[in-house]
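2 protein chains.
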Amino acid sequence: MHILGIDIGGTKTSVCLGNERGEILASGRMSSEKSANFEQYGRDLAQLCASIIERGKVARTALQAVGISAPGPLDIKRGILIAPPNNPGWRDVPIVALVKDILKTPVYINNDANACALAEYLFGAYRGTADLVYLTFSTGMGGGIIANGRLLQGITDTGGEVGHQIIERDGPLCGCGQRGCWEAFVGGRRVAERLREKIRAGSIKTALLDKAGGNLEAINMELLAAAAREGDEFAVAEWNEFSERLAQGIGNLIMILNPQVVLLGTIAIHLGEFILAPLREKLRKYAWSWPLAACRVEASTLGANIGDYSALAVALTGMR
Amino acid sequence: MHILGIDIGGTKTSVCLGNERGEILASGRMSSEKSANFEQYGRDLAQLCASIIERGKVARTALQAVGISAPGPLDIKRGILIAPPNNPGWRDVPIVALVKDILKTPVYINNDANACALAEYLFGAYRGTADLVYLTFSTGMGGGIIANGRLLQGITDTGGEVGHQIIERDGPLCGCGQRGCWEAFVGGRRVAERLREKIRAGSIKTALLDKAGGNLEAINMELLAAAAREGDEFAVAEWNEFSERLAQGIGNLIMILNPQVVLLGTIAIHLGEFILAPLREKLRKYAWSWPLAACRVEASTLGANIGDYSALAVALTGMR
Chain S
39 MHILGIDIGG
49 TKTSVCLGNE
59 RGEILASGRM
69 SSEKSANFEQ
79 YGRDLAQLCA
89 SIIERGKVAR
99 TALQAVGISA
109 PGPLDIKRGI
119 LIAPPNNPGW
129 RDVPIVALVK
139 DILKTPVYIN
149 NDANACALAE
159 YLFGAYRGTA
169 DLVYLTFSTG
179 MGGGIIANGR
189 LLQGITDTGG
199 EVGHQIIERD
209 GPLCGCGQRG
219 CWEAFVGGRR
229 VAERLREKIR
239 AGSIKTALLD
249 KAGGNLEAIN
259 MELLAAAARE
269 GDEFAVAEWN
279 EFSERLAQGI
289 GNLIMILNPQ
299 VVLLGTIAIH
309 LGEFILAPLR
319 EKLRKYAWSW
329 PLAACRVEAS
339 TLGANIGDYS
349 ALAVALTGMR
Chain E
39 MHILGIDIGG
49 TKTSVCLGNE
59 RGEILASGRM
69 SSEKSANFEQ
79 YGRDLAQLCA
89 SIIERGKVAR
99 TALQAVGISA
109 PGPLDIKRGI
119 LIAPPNNPGW
129 RDVPIVALVK
139 DILKTPVYIN
149 NDANACALAE
159 YLFGAYRGTA
169 DLVYLTFSTG
179 MGGGIIANGR
189 LLQGITDTGG
199 EVGHQIIERD
209 GPLCGCGQRG
219 CWEAFVGGRR
229 VAERLREKIR
239 AGSIKTALLD
249 KAGGNLEAIN
259 MELLAAAARE
269 GDEFAVAEWN
279 EFSERLAQGI
289 GNLIMILNPQ
299 VVLLGTIAIH
309 LGEFILAPLR
319 EKLRKYAWSW
329 PLAACRVEAS
339 TLGANIGDYS
349 ALAVALTGMR
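As they're listed, the protein sequences go chains S and E.
Numbering-wise, the first sequence is residues 39 to 358 according to my numbering.
Numbering-wise, the second sequence is residues 39 to 358 according to my numbering.
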């Protein structure tokens, strides 16, 4: 069975040809950003798809489905990119109809967090795990939930928006407009912003600014972790606070969903045990011992290429 | 199809004979409390089951399954009541084996919150709703989650323990030992305890103590609501705070699970719109507008007899 995966990221779009076992026969990338209007992007995408199919040595008619993984907000039922965050020029793009038109085959779409959960469920080290949570954990905190072996999509396709559980009433402002969202405490963007605010306010002794080459704007989670690893007092305290909040949100998911596996993407892949070890330790305060003991908390098992797998997973799930 | 339902409550056990359409042909009750040891309870239960089957005019051999709804903690896989809260003399009671022995038919068990969710899913006004949450909302705050038309049981049978999501770090102590659980803010027992503590501490002007006939111990959620309804300043403020916390927890469930329906039991059945109207209003602060608009927040639609339906629902779900 041949399927095509299209992973639309903020900066890059990746296209891959694969099969139901998650074997990738050919793949390639293009920019998602360069085209201010969508027409140019559409033409580039058609060309890239054609070249990947050709490189995979598969007849276009042998293609059984296409899966698209894209950043929200999406209108999944109508197959529309409502407002891709890094492409302010794109609004209400009917991506599913467009790709269907190019490739003359069924096209399915889901948001990137759900798609990653499906990828882990179908192709990851814990594949087949009936209750599994995937957390995107990069600039924001998206989630995809597998419950009883099926994606929890929800009635308005916002199932798994775990980053917007409110873990502190009237807490810090989140990008979504609410206050106290989990994402406002642990999403990479807001963590970095808070660090900058604190350092800008002055009177803090930290090596963090040096690590960022004196450029406040370059401060991010990776640099915070590096400074904390070296024992920088400010960074250690901030890292500790961050870990505590990460544990609170995951603990809540363990109590509500009682999964066998929670997998963390991006930042956790980069930082590994430096983030996971204290997290597991702190989780004892935020979840009961037996559901916690039954739950593995790990970094994503599909690594940096999860985007390709996630788009293929969307196609396979859609076909069922 | 004939099925038997056994609803083991803290004070009473109800047995009913019904069918797959949720029609109840006969039912009866007995005390859960009087027997300090389990043997006597077992004998009483066998007798009650026999008399209900007889009253239903059904041959014992025509019985296709038995469902048991019981308070946690349970070992569902082994069919054991680990430590029923209101029966300190019962420990590790193999209830499923016992009932199977009496009735010679398959026996299924689940905790009361999950069983209520199944009852609403199979027999309630919103039956068939694929994504539905039921909240017990009495002394504690239990939950049962239907996702994609199936109960979210979880890997250690603690799926749906929504009352133990931590909505304020280092918040008030919960009966479970954690701090800041949702249940510690909104469960009937803890709300009443906090009111008593505040009134006991003195210098509060409130009609609440009078409403309780001067008996501090008699203060409960219903009296709080009654005093708030009459405009008692202290009660209004406490009710407002309570509603805020109720909204925060439900808002989180809406963001994580994106259900079509959230149903609240016991206290919400008694208080109706007095609790639901401010809750819906406050939810706007704790969930995005579109998943919120798609979600009905109502009182349980099966009313005071949900226990019978919930036990039947456990039997039916087990048979599938």
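Here a beta-carbon is modelled for each residue, glycine too, at the ideal position from N, C-alpha and C.
When you compare only the Cα positions, how much space is there between residue i and residue j?
{"i": "Trp326(S)", "j": "Val104(S)", "result": "41 Å"}
{"i": "Leu149(E)", "j": "Leu119(E)", "result": "This sequence places Asn at residue 149(E); Leu is not what is there. So the alpha carbons of these two residues sit roughly 10 Å apart."}
{"i": "Ala275(E)", "j": "Ser241(E)", "result": "15 Å"}
{"i": "Gly180(E)", "j": "Ala285(S)", "result": "22 Å"}
{"i": "Phe76(E)", "j": "Ile133(E)", "result": "10 Å"}
{"i": "Ala256(E)", "j": "Ala264(E)", "result": "13 Å"}
{"i": "Asn124(S)", "j": "Lys50(S)", "result": "10 Å"}
{"i": "Arg116(S)", "j": "Ile288(E)", "result": "28 Å"}
{"i": "Ala315(E)", "j": "Met293(S)", "result": "28 Å"}
{"i": "Ala64(S)", "j": "Ser89(S)", "result": "9 Å"}
{"i": "Gly13(S)", "j": "Ala230(S)", "result": "Residue coverage of chain S in this structure runs from 39 to 358, which leaves residue 13(S) outside it and unanswerable."}
{"i": "Ala100(E)", "j": "Met39(E)", "result": "8 Å"}
{"i": "Asn258(S)", "j": "Asn258(E)", "result": "49 Å"}
{"i": "Arg96(S)", "j": "Val53(S)", "result": "This sequence places Val at residue 96(S); Arg is not what is there. Rounded to whole angstroms, Val96(S) to Val53(S) spans 15 Å at the Cα level."}
{"i": "Gln203(E)", "j": "Leu330(E)", "result": "20 Å"}
{"i": "Asp169(E)", "j": "Gln298(E)", "result": "6 Å"}
{"i": "Leu317(S)", "j": "Ser281(S)", "result": "6 Å"}
{"i": "Gly201(S)", "j": "Leu301(S)", "result": "14 Å"}
{"i": "Lys323(E)", "j": "Arg232(S)", "result": "23 Å"}
Looking at C-alpha atoms only, which residue of the options is the closest neighbour of residue i?
{"i": "Ile193(S)", "options": "Tyr164(E), Ala185(E), Asn296(E)", "result": "Asn296(E)"}
{"i": "Gly269(S)", "options": "Leu246(S), Gly289(S), Ile106(S)", "result": "Leu246(S)"}
{"i": "Leu55(S)", "options": "Leu112(S), Ser69(S), Gln102(S)", "result": "Gln102(S)"}
{"i": "Arg81(S)", "options": "Ile140(S), Gly66(S), Ala135(S), Arg129(S)", "result": "Ile140(S)"}
{"i": "Ala250(E)", "options": "Gly213(E), Arg234(E), Ala239(E)", "result": "Arg234(E)"}
{"i": "Gly345(E)", "options": "Ile313(E), Arg358(E), Gly303(E), Glu311(E)", "result": "Gly303(E)"}
{"i": "Ser348(E)", "options": "Pro122(E), Ile288(E), Ala157(E), Ile237(E)", "result": "Ala157(E)"}
{"i": "Gly438(S)", "options": "Thr355(S), Pro123(S), Met357(S), Ala351(S)", "result": "A query on residue 438(S) cannot be resolved here, the shown segment of chain S reaching from 39 to 358 and no further."}
{"i": "Ser176(E)", "options": "Gly47(E), Pro329(E), Thr143(E), Ala315(E)", "result": "Gly47(E)"}
{"i": "Pro210(S)", "options": "Leu301(S), Leu254(S), Leu261(S), Arg283(S)", "result": "Arg283(S)"}
{"i": "Leu379(E)", "options": "Leu83(E), Thr174(E), Pro122(E)", "result": "Chain E is shown only over 39 to 358; residue 379(E) falls outside these bounds and no answer can be derived."}
{"i": "Lys320(S)", "options": "Gly127(E), Thr196(E), Arg207(E)", "result": "Arg207(E)"}
{"i": "Ile305(S)", "options": "Leu173(S), Leu86(S), Val200(S)", "result": "Leu173(S)"}
{"i": "Thr167(S)", "options": "Cys333(S), Asn343(S), Leu354(S), Gly356(S)", "result": "Cys333(S)"}
{"i": "Leu262(E)", "options": "Leu254(E), Gly252(E), Ala273(E)", "result": "Ala273(E)"}
Could you tell me which chain S residues have their CB closer than 7 Å to the CB of residue i, listed as they occur along the chain?
{"i": "Ala332(E)", "result": "Ile193, Thr194"}
{"i": "Gly289(E)", "result": "Ile204"}
{"i": "Asn125(E)", "result": "Near Asn125(E) there are no residues of chain S at all, since even the closest Cβ is about 22 Å away, more than 7 Å."}
{"i": "Met179(E)", "result": "The contacting residues do not exist; Met179(E) stays about 12 Å from chain S at best."}
In chain S, which residues lie with their C-beta within 9 Å of the C-beta of residue i?
{"i": "Cys212(E)", "result": "Near Cys212(E) there are no residues of chain S at all, since even the closest Cβ is about 11 Å away, more than 9 Å."}
{"i": "Ala273(E)", "result": "Under the 9 Å cutoff, chain S gives no residues; its nearest Cβ is about 21 Å from Ala273(E)."}
{"i": "Pro297(E)", "result": "Gly192, Ile193, Gly197"}
Against residue i, what residues of chain S qualify as contacts under a CB-to-CB distance less than 8 Å, listed in chain order?
{"i": "Asn148(E)", "result": "By Cβ distance, chain S contributes nothing, its closest Cβ being about 14 Å from Asn148(E), past 8 Å."}
{"i": "Pro329(E)", "result": "Gly192, Ile193, Thr194, Thr196, Glu199"}
{"i": "Ala222(E)", "result": "Under the 8 Å cutoff, chain S gives no residues; its nearest Cβ is about 13 Å from Ala222(E)."}
Below 9 Å on C-beta distance, what does residue i contact in chain E?
{"i": "Gly225(S)", "result": "Going along chain E, no residue has its Cβ under 9 Å from Gly225(S), so there is no contact; the nearest lies around 14 Å."}
{"i": "Asp169(S)", "result": "Leu190, Gln191, Gly192, Ile193, Gly197"}
{"i": "Met39(S)", "result": "Ordered by position in chain E, no residue passes the 9 Å Cβ test against Met39(S), which lies about 24 Å from the chain."}
Residues of chain E with CB under 8 Å from residue i, in chain order?
{"i": "Gly356(S)", "result": "Result: empty, since nearest Cβ-Cβ is about 15 Å, beyond 8 Å."}
Name, please, each residue of chain E whose Cβ falls closer than 7 Å to the Cβ of residue i.
{"i": "Gln286(S)", "result": "Ile204, Arg207"}
{"i": "Tyr172(S)", "result": "Within 7 Å Cβ-Cβ: nothing; Tyr172(S) doesn't reach chain E, min ~13 Å."}
- At which residue ranges does the segment 286-335 of chain E contain complete alpha helix (DSSP H) runs of 4 or more residues, listed in the order of the chain? 304-309, 311-321, 327-331
- Message: Check whether the segment 42-50 of chain E and the segment 207-224 of chain E touch, using three or more Cβ-Cβ pairs below 8 Å as the test.
- Response: no
- Assess, as a yes-or-no matter, whether the segment 161-174 of chain E is touched by the segment 181-188 of chain S under the definition of 3 or more beta carbon pairs within less than 8 Å. Verdict: no, contact absent.
- Are at least three pairs of beta-carbons, each pair with one atom in the segment 331-343 of chain S and one in the segment 206-220 of chain E, less than 8 Å apart? no
- On the three-pair Cβ rule with 8 Å, is the segment 108-118 of chain S touching the segment 311-322 of chain S? The segment 108-118 of chain S, when compared against the segment 311-322 of chain S, does not touch it at the 8 Å Cβ threshold.
- Item | Continuous beta strand (DSSP E) assignments of at least 3 residues falling wholly in the segment 111-195 of chain E | 145-149, 170-173, 181-185
- At 4 residues or longer, and completely inside the segment 238-276 of chain E: list those alpha helix (DSSP H) runs for me, N to C. 246-249, 259-267
- Which runs of the beta strand (DSSP E) fall wholly inside the segment 40-105 of chain E and span at least 3 residues, in chain order? 40-46, 50-56, 62-69
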